[in-house]
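Have a look at the structure below, then the notes.
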Amino acid sequence: KSLLSRILYSKLENTLFTIDYSNLSLLNILVNSDYNITGIIDWGFALIVLLQLAGRIPYFLQLSKLTLPPDVIL
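End of the sequence shown sits at 74 in the UniProt record's numbering; the numbers just go up one at a time, nothing left out.
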């Protein structure tokens, strides 16, 4: 709750800006052999936006959009 109150300002003139990486997908995330993220590539569609607009679940993590192999059950 404390974190949200600092992000979701009622007046937009008090807000912060951030980089919105709108093209985030599994293909753009580089990891090492220990599965640590080492980089993110393809920044061509990145934008500077209001912090309130950038806070969302990446497309590939949204369960309604998730495509799994036929033998995998959630």
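Don't be surprised by glycine CBs; every beta carbon is placed ideally from N, CA and C.
Nothing here was measured: the structure is a model prediction, and the numbers come from that model.
First through last residue of the beta strand (DSSP E) which encompasses residue i
i	result
residue 50	47-50
residue 30	29-31
residue 17	17-20
residue 39	37-40
Residue closest to residue i, alpha-carbon to alpha-carbon, out of the options
i	options	result
residue 31	41, 53, 70	41
residue 28	46, 16, 18	46
residue 43	19, 34, 15	19
Proximity of residue i and residue j at Cβ, strictly below 9 Å
i	j	result
residue 25	residue 60	yes
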